[in-house]
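Novice: Mapped onto the working numbering, the consecutive letters of the sequence shown carry residue numbers 338 to 620. We put the CB at the ideal spot given by N, CA and C, even for glycine. Here the structure is a predicted model, which is why all the values come from computation and not from measurement. Quick one: the structure is below, and I'll ask about it shortly.
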Amino acid sequence: MKTKIVSYGTASSETAGMNGTQSGDTLGREPVRITRRGGGSPFVLLCDHASNWLPASFGTLGLAGSDMTRHIAWDPGALPVASLMAEALDAPLVESGVSRLLIDCNRPLDAHDLIPAVSETTEIPANAGLSPKEREERIALSWTPFHNAIEAVVEERLAHRQPTVLVSIHSFTPVYGGKSRPWEIGIIHDDDRRVADPLVAALREVPGLTVGVNEPYSPADRVYFTLERHARSRGLPCAMIEIRNDEIADAAGQGKWADLLGGMFSRLEPLLSGAAETGQPAA
Ligand SMILES: [Zn+2]
338 MKTKIVSYGT ASSETAGMNG TQSGDTLGRE PVRITRRGGG SPFVLLCDHA
388 SNWLPASFGT LGLAGSDMTR HIAWDPGALP VASLMAEALD APLVESGVSR
438 LLIDCNRPLD AHDLIPAVSE TTEIPANAGL SPKEREERIA LSWTPFHNAI
488 EAVVEERLAH RQPTVLVSIH SFTPVYGGKS RPWEIGIIHD DDRRVADPLV
538 AALREVPGLT VGVNEPYSPA DRVYFTLERH ARSRGLPCAM IEIRNDEIAD
588 AAGQGKWADL LGGMFSRLEP LLSGAAETGQ PAA
């Protein structure tokens, strides 16, 4: 199935449909979108929290409509940055098209916050007391298509012996639980530091930047799931980028960060390509 989602406004895209039980047409929108699938870059960019969209049948999950534009529903600014980087690098981009409030694609299926009944301090009425059937429906609607799409892209590249490095792009709110967060950007990694170390070193050379390392989150918060599932399981290099969302609230900020990170990633390519091709385990 090939559909173009006009509202995102990026060229050369395709979308992956659902797994048989429902088609994208019944939703009016596809749950996942793959852009630049054949891109030549070693980097594959992922955007788990790209969208605040919900299928109409879910309404606003009992929330005020204005809650759907807050960080609890998605990662504001993350998708434009990821799209600009993908374009500059000629990198594939896989993005979820459904709000994390319906189900969080960056969580294992047994995570307590897979379908959060409370996000930060906001109760999500329609997420309380779900039946197993309702839970399965959400998994099939968003989580499975997203992970199937990443799986397909990665397998395709490995079959062609294409160097593959997975990088996920997220954004975080400047204040969480009443606490201000000083970092403009955070790099999240586990004990495979092949991407994180040179990236953090490059970011620390930028004057005036406060760089978080495993801040504001770390893999211990179970936020590293998508990368564990698709990169770490195969020995592929990976890292997670978190940008504070006030930095990327408008096109100027998004462009600035995409340029900065895109340039750094270009310079990282030769360093990572060899290790990525065969999926060498981390040292
Ligand atoms: Zn996120």
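Tell me which same chain residues have a C-beta within less than 6 Å of the C-beta of Gly-376, skipping the five on either side of it?
Specialist: Asp-427, Ala-428, Pro-429
Novice: In chain order, what residues of the same chain lie with their CB nearer than 7 Å to the CB of Gly-399, ignoring the 5 residues before and after it?
Specialist: Taking Gly-399 as the centre and dropping the five residues before and after it, the same chain places the C-beta of Ile-461, Pro-462, Ala-463 closer than 7 Å to its C-beta, in chain order.
Novice: Whole angstroms are fine: how far does the CA of Asp-450 sit from the CA of Pro-511?
Specialist: 21 Å
Novice: Could you please give the first and the last residue of the uninterrupted beta strand (DSSP E) stretch that includes Leu-503?
Specialist: 502-509
Novice: For ligand 2, enumerate in chain order all residues having a CB closer than 5 Å to any of its heavy atoms.
Specialist: Of the ligands one can find in the structure shown, namely ligand 1, none is ligand 2.
Novice: Within a Cβ cutoff of 6 Å, which residues of the same chain sit near Ala-539, ignoring the five residues on either side of it in sequence?
Specialist: Taken in chain order, the residues that qualify are Met-601.
Novice: Which class does Thr-458 belong to by DSSP, given the choice of helix, strand or coil?
Specialist: coil
Novice: Taking the Cβ atom as the reference point for each residue, do Val-548 and Ile-522 lie within a distance shorter than 8 Å?
Specialist: Yes, these two residues count as a Cβ contact at 8 Å.
Novice: Take Trp-411 and list the residues in its own chain whose beta-carbon comes closer than 8 Å to its own, dropping the five residues that flank it on each side.
Specialist: His-386, Ala-387, Ser-388, Asn-389, Ser-436, Arg-437
Novice: Per DSSP, what kind of secondary structure is Thr-481 in: helix, strand or coil?
Specialist: helix
Novice: With a Cβ-Cβ cutoff of 8 Å, do Phe-483 and Arg-581 count as a contact?
Specialist: At the C-beta level, Phe-483 and Arg-581 stay beyond 8 Å of one another.
Novice: Would you kindly work out how many angstroms separate the C-alpha atoms of Arg-531 and Leu-564, rounded to a whole number?
Specialist: Between the C-alpha atoms of Arg-531 and Leu-564 there is a straight-line separation of about 14 Å.
Novice: Is Ile-506 close to chain D, meaning its C-beta is less than 8 Å from at least one C-beta of that chain?
Specialist: Looking for chain D here will not work: only one protein chain is present.
Novice: Quick one: grab the DSSP three-state call for Arg-475.
Specialist: helix
Novice: Hey, quick one: how far does the beta strand (DSSP E) through Arg-581 stretch, first residue to last?
Specialist: 575-581
Novice: Leaving out five residues before and five after Ile-487 in sequence, what residues of the same chain have Cβ atoms less than 6 Å from its Cβ?
Specialist: Val-431, His-567
Novice: Since I believe Phe-380 is in contact with Val-560 (beta carbons under 8 Å), could you give me their beta-carbon distance rounded to a whole number of angstroms?
Specialist: At roughly 20 Å, the Cβ-Cβ gap does not stay under 8 Å, so Val-560 and Phe-380 are not in contact.
Novice: Output yes or no for whether 8 Å exceeds the beta carbon distance between Phe-562 and Asn-443.
Specialist: yes
Novice: On the CB-based measure, 16 or more other CB atoms within 10 Å of its CB, does Arg-541 come out buried or exposed?
Specialist: exposed
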